[in-house]
Amino acid sequence: MAFLIIKNDTIQYEKYFGKYNQESIVPSFSMAKSVTSILIGCAIDDKLIQSVDEPITNYIPELKKNGLEKVTIKQLLQMTAGVKFNESYYSPFSDAAGFYYGRNLRKKIAKMKTNNQSKATFKYLSGNTQLLGLVLERALKNKTITAYLQEKIWTPLGMEYDASWSIDKKNNGIEKTFCCLNARARDFAKIGRLYQNKGRWNGQQIVSEKWVQESTKIDTSNGSAAYYQYQWWLPTRNGDFMAEGFLGQFIYVNPAKNVVIVRLGKREGDANWWEILPSLANQY
Numbered sequence: 205m206a207f208l209i210i211k212n213d214t215i216q217y218e219k220y221f222g223k224y225n226q227e228s229i230v231p232s233f234s235m236a237k238s239v240t241s242i243l244i245g246c247a248i249d250d251k252l253i254q255s256v257d258e259p260i261t262n263y264i265p266e267l268k269k270n271g272l273e274k275v276t277i278k279q280l281l282q283m284t285a286g287v288k289f290n291e292s293y294y295s296p297f298s299d300a301a302g303f304y305y306g307r308n309l310r311k312k313i314a315k316m317k318t319n320n321q322s323k324a325t326f327k328y329l330s331g332n333t334q335l336l337g338l339v340l341e342r343a344l345k346n347k348t349i350t351a352y353l354q355e356k357i358w359t360p361l362g363m364e365y366d367a368s369w370s371i372d373k374k375n376n377g378i379e380k381t382f383c384c385l386n387a388r389a390r391d392f393a394k395i396g397r398l399y400q401n402k403g404r405w406n407g408q409q410i411v412s413e414k415w416v417q418e419s420t421k422i423d424t425s426n427g428s429a430a431y432y433q434y435q436w437w438l439p440t441r442n443g444d445f446m447a448e449g450f451l452g453q454f455i456y457v458n459p460a461k462n463v464v465i466v467r468l469g470k471r472e473g474d475a476n477w478w479e480i481l482p483s484l485a486n487q488y
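Every position in the sequence shown, counted from 1, becomes a number in our numbering once 204 is added.
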């Protein structure tokens, strides 16, 4: 649907396909996980959240009875929390489907339990990111996650278009933080540029440089994976990173080359984007 290449903060290539154009809204799917991570970093900067080492039950105390009293925010960020969650995108009975189509995510979260694993290991689960969303909502108190996104990212970055974040129900709904930010290609690219520039935008520190570095570094301690950090994928060991969404949505950032690539599609196609995107960045 869209393909953009930005080098040194300048668009080098921009093309849209089929009926899509610069103004077309595209769902992010799991690229929203990386945006959720940015907002967690902003909340820590604002001292609304004290530390990634806090247990999530500081914000969601009702989960203590489900065996999640030792799970930390960091474990959710790194996908090592050991929660029970069926991630299948093809079964209508999976937890992922229930979260995607469900009308009461807070109720579903209240039923989440531990899988009682004895050792922390990486397992990619959308339930982790929705838990992060509830932590963020509780930390924000009387402000919605969408309003916080507007305040901390959309307005300061001067996004070209409005965006939306899907919620589970019309009245008092919560944002589906694991999946469902809807925006245009150029504005997704600006999110990549923000992290390319170490959290700075036009001389203003939007999110701390420390958070950007922590979010995108290789760290295999405590069961985390070498190819995943704080809701960002790490396709190589060369310092690049990306947000990735179902069906081929990517915001790829290569700091060494000062390149950001956005690829949005209806499907991944016959392509290994984990190889193509770093290779393409190296051509610049």
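Note that CB positions come from ideal geometry on N, CA and C, so glycine has one too. Please read these numbers as outputs of a predicted model, since none were measured by experiment.
Determine contact between the region 426-437 and the region 214-230, defined as no fewer than three beta-carbon pairs at a distance below 8 Å.
Too few Cβ pairs lie closer than 8 Å, so no.
Just mark I229 as buried or exposed, buried being the case when its beta carbon has 16 or more other beta carbons within 10 Å.
Locating residue 229 in the sequence shown gives position 25, counting from the first residue. Per the 10 Å Cβ criterion, exposed.
Just checking my contact of T284 with T325 at CB under 8 Å: how many whole Å lie between their CB atoms?
Walking along the sequence shown from the start, residue 284 turns up at place 80. Walking along the sequence shown from the start, residue 325 turns up at place 121. T284 to T325, Cβ: 6 Å. Contact.
Would you check if the region 302-311 and the region 378-388 touch, i.e. whether three or more CB-CB distances between them fall below 8 Å?
Taking 8 Å as the limit for Cβ pairs, the verdict is that the region 302-311 does touch the region 378-388.
Rounded to whole angstroms, what is the Cα-Cα separation between V256 and G222?
Position 52 of the sequence shown holds residue 256. Position 18 of the sequence shown holds residue 222. One C-alpha to the other measures close to 43 Å.
What three-state label does DSSP hand M548 in the structure shown?
The shown model of the chain, from 205 to 488, leaves out residue 548, and the question about it has no answer.
Going by other Cβ atoms of all chains shown within 10 Å of its Cβ, with 16 needed for buried, is Y263 buried or exposed?
Against the sequence shown, residue 263 aligns to sequence position 59. Result: buried.
Report the residue from R397, A485, Q408 and R310 whose alpha carbon sits nearest the alpha carbon of K373.
Here residue 373 corresponds to residue number 169 of the sequence shown, with the count starting at 1. Checking every option, the nearest Cα to that of K373 belongs to R310.
Work out the CA separation of K461 and N486 for me, nearest whole Å.
To locate residue 486, count along the sequence shown from 1; it is residue 282. To locate residue 461, count along the sequence shown from 1; it is residue 257. About 7 Å.
Here's the rule I'm using: 16 or more other beta-carbon atoms within 10 Å means buried, otherwise exposed. How should Q506 be labelled?
Since the first residue shown for the chain is 205 and the last is 488, residue 506 is missing from the structure and cannot be characterised.
When burial is assigned at 16 or more other CB atoms within 10 Å of the CB, is N376 buried or exposed?
Position 172 of the sequence shown, counted from the start, is the residue given in the question as residue 376. The residue in question, N376, is exposed, as its Cβ has fewer than 16 Cβ neighbours within 10 Å.
Does the region 400-410 come close enough to the region 451-468 that 3 or more CB-CB pairs lie under 8 Å?
Judged by Cβ distances under 8 Å, the region 451-468 makes contact with the region 400-410, as three or more pairs qualify.
Check for me: the alpha helix (DSSP H) holding G245 runs from which residue to which?
In the sequence shown, counting from the first residue as 1, residue 245 sits at position 41. G245 -> alpha helix (DSSP H) spans M235 to D249.
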